[in-house]
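Undergrad: If you use the working numbering, the sequence shown closes out at 154, no skipped numbers anywhere.
Heads up, the beta-carbon is just placed ideally off N, CA and C, and yes, glycines get one too.
Note that the coordinates shown come from a computational prediction; the quantities given were computed from them, not determined experimentally.
This is the structure I have questions about; it appears just below.
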Amino acid sequence: MTRAITKFFRLGADQRRLLLQAVPELARSRRALSRRPVRELIAGVEEHSGEVVKQVLDSSEAELAGQIGWAVRAAAAYTPWNNSCLVQVIAAQNMMRSRGVGGAIYLGAARGEGEEFAAHAWLKHGDVFVTGEAGHEEYQVLTTFSW
Numbered sequence: 008m009t010r011a012i013t014k015f016f017r018l019g020a021d022q023r024r025l026l027l028q029a030v031p032e033l034a035r036s037r038r039a040l041s042r043r044p045v046r047e048l049i050a051g052v053e054e055h056s057g058e059v060v061k062q063v064l065d066s067s068e069a070e071l072a073g074q075i076g077w078a079v080r081a082a083a084a085y086t087p088w089n090n091s092c093l094v095q096v097i098a099a100q101n102m103m104r105s106r107g108v109g110g111a112i113y114l115g116a117a118r119g120e121g122e123e124f125a126a127h128a129w130l131k132h133g134d135v136f137v138t139g140e141a142g143h144e145e146y147q148v149l150t151t152f153s154w
């Protein structure tokens, strides 16, 4: 724990702020997912039937989206509760939206071991992965939501 605290104070002020925002955002997202349907949580987004890659015109937005993704993933690793891929996507989406940064949520499915159904969610800003990159290629995109 001492090592984590030392690492935290070595971060820049912007990174610390994002990390400190990510923790309660993950908690809110996890709680909201247990109480409301996903469609309500991502209200106000446009649904697509497949892959959506919007052109990123502002490199500072792409950088900010990447930093938000880092903060959400880092916070998820240190919280005492389970942060599924969907929880991380919704937390990152909320952080991006509050800063006026657009993105696309991908929901995918695959057959797991023993023919079980497996699902995964990931978030991208243009072609930059924000959260959920690991293993995404194993999933068939079912639907995409963008804002």
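(1) Suppose the cutoff is 8 Å on Cβ atoms and the five residues either side in sequence are ignored; what does the same chain contact list for K131 look like?
(2) Could you give the first and the last residue of the continuous alpha helix (DSSP H) run that contains I112?
(3) Would you check if the segment 64-75 and the segment 92-103 touch, i.e. whether three or more CB-CB distances between them fall below 8 Å?
(4) Using three-state DSSP, classify W77 as helix, strand or coil.
(5) In this structure, does DSSP put L149 in helix, strand or coil?
(6) Return the first residue and the last residue of the alpha helix (DSSP H) that A34 is part of.
TA: In short:
(1) Position 124 of the sequence shown holds residue 131. The beta carbon of K131 sits closer than 8 Å to the beta carbons of V60, G110, A111, Y113, V137 from its chain, once the five residues preceding and following it are set aside; these are given in chain order.
(2) Here residue 112 refers to the residue found at position 105 of the sequence shown. It is not in any alpha helix (DSSP H) - I112 instead sits in the beta strand (DSSP E) that spans 111-118.
(3) Contact holds: three or more Cβ-Cβ distances are below 8 Å.
(4) Against the sequence shown, residue 77 aligns to sequence position 70. Here W77 carries a helix assignment [DSSP, helix/strand/coil].
(5) Residue numbering aside, residue 149 sits at position 142 when the sequence shown is read from its first letter. Strand.
(6) Here residue 34 refers to the residue found at position 27 of the sequence shown. It spans 20-42 - the alpha helix (DSSP H) in which A34 sits, taken as one unbroken run.
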